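When we follow the numbering used here, the leftmost residue of the sequence shown carries the number 3, and every step to the right adds one.
Glycine is no exception: its CB is placed at the ideal position from the N, C-alpha and C atoms.
Just so we're clear, the structure is a prediction, and the values are computed from it rather than from any experiment.
In what follows, a single structure is set out as structure tokens and then discussed.
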Amino acid sequence: MKKALLVITMMLALAIAVGGCATKGDLEAVEAREKAMAAKADQAAQDAEEAKMAADEAIMKANEAIERAEEAEMRANEREALAAEKERLAEEKAKEADEKFKKSMKK
Numbered sequence: 003m004k005k006a007l008l009v010i011t012m013m014l015a016l017a018i019a020v021g022g023c024a025t026k027g028d029l030e031a032v033e034a035r036e037k038a039m040a041a042k043a044d045q046a047a048q049d050a051e052e053a054k055m056a057a058d059e060a061i062m063k064a065n066e067a068i069e070r071a072e073e074a075e076m077r078a079n080e081r082e083a084l085a086a087e088k089e090r091l092a093e094e095k096a097k098e099a100d101e102k103f104k105k106s107m108k109k
């Protein structure tokens with residue numbers, strides 16, 4: 003009886019061991035899924051790199067636009083100052099001309 007019980011136990015253990023092991027097809031399926039996931043991860047990394055490059059380019063263009071705007075503002079301020087100076091000179095000349103006219107009228 004002990005021998006039969008031992009044989010049955012051994013056969014049951016062998017059946018569990020054989021049934022629980024992965025087959026070659028199972029391993030190939032797992033490898034295929036792993037490769038697919040690796041390919042997706044590589045694609046995601048590539049997409050992220052492209053997005054980063056696009057963002058960097060957009061930042062660079064924005065910075066260039068800011069620089070151009072600042073330069074335009076500086077030129078506008080210079081023109082405004084120049085116009086104010088010309089206006090002041092014109093007022094002085096008009097004042098001088100008015101004074102000369104008044105002097106000539108007094109004589």
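N- and C-terminal bounds of the alpha helix (DSSP H) containing Met62: Here residue 62 is taken as the residue at index 60 of the sequence shown, counted from 1. From DSSP, the alpha helix (DSSP H) with Met62 extends over Lys26 to Lys108.
Whole-angstrom distance between Ala50 and Glu82, CA atom to CA atom: Walking along the sequence shown from the start, residue 82 turns up at place 80. Walking along the sequence shown from the start, residue 50 turns up at place 48. Roughly 47 Å between the two C-alpha positions.
Assigned secondary structure, Met12 (DSSP; H/G/I helix, E/B strand, else coil): One-based indexing of the sequence shown puts residue 12 at position 10. Looking at Met12 - three-state DSSP - the assignment turns out to be helix.
Euclidean distance between Cα positions of Ala86 and Glu101: Position 84 of the sequence shown holds residue 86. Position 99 of the sequence shown holds residue 101. Straight-line Cα distance between these residues: approximately 22 Å.
Separation of Ala60 from Ile68, as counted between CA atoms: As a position in the sequence shown, residue 68 is number 66, starting the count at 1. As a position in the sequence shown, residue 60 is number 58, starting the count at 1. Going from the Cα of Ile68 to the Cα of Ala60 covers about 12 Å.
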